[in-house]
Structure formats: structure tokens, C-alpha cells
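Numbering-wise, my numbering puts 235 at position 249 of the sequence shown, and it's gapless, one number per residue.
Some notes on the structure that comes next.
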Amino acid sequence: MARYLAGRGIACEVVAPGLVPVRAGDRVKTDVRDARKLARLHAGGLLEAICVPSVELEAVRDLVCAREAARIDRMRDRHRLSKFLLRHGRRMPFKSWGAGRRKWLGEQNFDQPAQQLAFATYLQALDLVDRRAEALDRQLAEISDRGEWATLVARLRCVRGIDTLTAIGLAAEIGDFARFESAAAFMSFVGLVPSEGSSGEQPRQGSVTKAGNAHARRLLVEAAWHARRRPKVSYELARRQRGQDPAVLARAWTVQQRLHRRFQRMNARGKPSQKIVLACARELAGFVWAIATDQPLRRGG
């Protein structure tokens, strides 16, 4: 609707309902009262408009959402299959879902026809979702290699823990990184800053706000788990970094060093691993913003 109106010369701003200020005790809601309230807030500059994606960006975002749905479906199908086997006393070998586990599954048979049919149904569902995810992966990889996506995705892939799917996912969910005036603003957008309920001279911070884009936050958190390992440029990472700007490579190396040091320090203090990785994800978000917006390299990253 916003693009339709803008195309006809009508100024239009989209405001998220959750960002509209609400007065405590206001229990009367009508369309007329809402219109007056929005008009007053807009005149006072108290409404913050969201970024309306372009047609192409929205299309890629839909494809990323389809890939995320396939990931969730695959996880559910794997759980259903593994629980079915556990009910019948069969524990799957191997730690990961690789070729070895798939071969073992193909060798399983049940005496009862009904159980064999149930097993085949679970296995077929898993095969279907695997093929669906692979097809979406190929399409997203093709998109990431062309047009406006290529440069941003290639730069983000220089960071350990961020490969094609994570990079294109962040690019599609965020759109224009330059709309955030600082790294702190981007961290807040993805909901990785601590909540706060301070009063007087007693600061009181809680868990992260989890406001904003949940998918982008999940991608950053998953990438931040790589901070557990020592800084290292593996063969695969070196291949992704080949031909990139030295400033980007220097910042990518700083990311590894800074996040690993933070992980080690917090771990030595006995902090829970989930809290540690959230702190690392918050710092990683700042580096991602700096790389995406081509910020000048400063001392310390």
C-alpha cells in the first residue's frame, strides 16, 4: 500500500503499532480518536516511520522466510523421526545428520507393517524437506552473486561464522544498513541490548530486549557461537576472503580476536554460556554494521 501511494505522488509513512506511544489509563478506542491521536503525534514528531522495502528486497525477504520455514520443518521432522526410533529402542549413531546417519536409516526395518509404514512416512517427509531446503539454498546463492547483493554478501562472508545463507539473510532482513546512524542503533534494532529498569542511583539491567527483527537476531546469535574457538583463518574462510578489501579483512580478523577474548573472559567468570553468546552477538552486530556501511577502520576495530 505504501509503495502504491508513493507511486501516485502521495506522501506515506508506515509506523509499527508497537512504536506508537500509549498513555497509561487510556481505555477508550475508536477510529476517530485513533486518527486524532496519530495526527497529534505526527505533528509533534513523535512517530518513527519504518523503512518500506523495495519490491525486489521484499521478494528476496520472502525467499529467506521460505528457507527459514524449511529449516524449522526439517528440525521438526528430524525430531519426529528420532523420537519414533527411540520409542522402539533404536538410538541413531553419529552425532550429525550426515551420510553415515542417512545410510543407517536406510537399513532400518520393522516387523510390523504399520510400524514400517510410519517409519517410511517420517523418512520421506525428511527427504522432501531436505530437497526443498537445498533448492532454496541454490536460489539464494544465485541471488547473492548478482546485482546489489554481491558486494555486501561477499564482505559479510569474510567474517567467521557468516556464510552465504547468513549474509543474504541479514542483507534481506535489514535492507539498508546506512539507515542506522550508529552501531548502537543497529544493536538496539535487532534486540541485543539489555533491558533496563533503573531508578535513582541504582542501575538495574535485565535480559536483552528481543525487540525488532527476530530472524536477524537469531542469525547473529548463531554466528556468535564461533567465538568459542581460537581465532583462525581456515581454508574455507580464506577462500571466501580472497580478493576482498584489506580493510574488511583486518576488521574480520579483529572480530575473531575481540569475540574470542570476550567469550574467554566471561566464561572464566562463570557466566552462563547463553549470556556469553548474547554479549558476543551484540558486539558482532556492531562489526557487521561497520562492515556493511564501510566505516573507517579505527584502532581496536
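Think of the CB as a built atom: it goes at the ideal place given N, C-alpha and C, for glycine as much as any other residue.
Problem set entry | Residue(s) in a DSSP beta bridge with residue 180 | For the purposes of this step, residue 180 is identified with residue 194 of the sequence shown, where counting begins at 1. For residue 180, which the question treats as bridged, DSSP gives the partners 194.
Exercise. Three or more beta-carbon pairs under 8 Å between the region 259 to 266 and the region 221 to 231, yes or no?
Worked result: no
Exercise. With residue 213 and residue 176 assumed to form a contact (beta carbons below 8 Å), what rounded beta-carbon distance in angstroms separates them?
Worked result: Walking along the sequence shown from the start, residue 213 turns up at place 227. Walking along the sequence shown from the start, residue 176 turns up at place 190. With a Cβ gap of about 17 Å, residue 213 and residue 176 do not count as contacting.
Problem set entry | CB of residue 33 within 7 Å of CB of residue 1, strictly | Translated into positions along the sequence shown, residue 33 becomes position 47. Translated into positions along the sequence shown, residue 1 becomes position 15. Cβ distance < 7 Å, so residue 33 and residue 1 count as in contact.
For this session: Could you tell me whether the region 151 to 159 touches the region 45 to 56, where touching means 3 or more Cβ pairs closer than 8 Å?
Result: yes
Exercise. So what does DSSP say about residue 37, is it helix, strand or coil?
Worked result: Residue numbering aside, residue 37 sits at position 51 when the sequence shown is read from its first letter. Looking at residue 37 - three-state DSSP - the assignment turns out to be coil, as it is neither helix nor strand.
For this session: Kindly confirm or deny that the region 123 to 143 and the region 21 to 29 touch, where touching means at least three C-beta pairs closer than 8 Å.
Result: no
Problem set entry | residue 83 in three-state terms, based on DSSP | As a working note, residue 83 is residue 97 in the sequence shown. Coil.
For this session: Tell me whether the beta-carbon of residue 279 lies closer than 7 Å to the beta-carbon of residue 163.
Result: Position 293 of the sequence shown, counted from the start, is the residue given in the question as residue 279. Position 177 of the sequence shown, counted from the start, is the residue given in the question as residue 163. Yes.
Exercise. Quick one: what's got a C-beta closer than 7 Å to residue 143's C-beta in the same chain, skipping five residues either side?
Worked result: Sequence index remark: in the sequence shown, residue 143 carries index 157 (1-based). Same-chain partners within the cutoff: 149, 150, 153 and 226.
Exercise. Does the Cβ of residue 156 lie closer than 6 Å to at least one heavy atom of the ligand SAH?
Worked result: Annotation note on the ligand SAH: not contained in the displayed structure, which lists no ligands.
For this session: State yes or no: is the C-beta of residue 115 within less than 7 Å of the C-beta of residue 57?
Result: Position 129 of the sequence shown, counted from the start, is the residue given in the question as residue 115. Position 71 of the sequence shown, counted from the start, is the residue given in the question as residue 57. In this structure, residue 57 does not lie closer than 7 Å to residue 115 by Cβ.
Exercise. Using 8 Å as the Cβ pair cut-off and three pairs as the minimum, do the region 166 to 176 and the region 229 to 239 touch?
Worked result: no
Exercise. Under three-state DSSP, which class holds residue 155?
Worked result: Working through the sequence shown from its first residue, we reach residue 155 at position 169. Reduced to three states, the DSSP call for residue 155 is helix.
For this session: Please determine, among 249, 74 and 129, the residue with the shortest C-alpha to C-alpha distance to residue 42.
Result: On the sequence shown, residue 42 is found 56 positions in, with the first residue counted as 1. For the residues 249, 74 and 129, the minimum Cα distance to residue 42 belongs to 129.
Problem set entry | Candidates 190, 13 and 36: closest to residue 5 by CA position | Locating residue 5 in the sequence shown gives position 19, where the first residue counts as 1. Nearest of 190, 13 and 36 to residue 5, Cα basis: 36.
For this session: Spatial neighbours of residue 321 within its chain, please: CB distance less than 7 Å, with the 5 preceding and 5 following residues excluded, ordered by chain position.
Result: The chain is shown only over -13 to 287; residue 321 falls outside these bounds and no answer can be derived.
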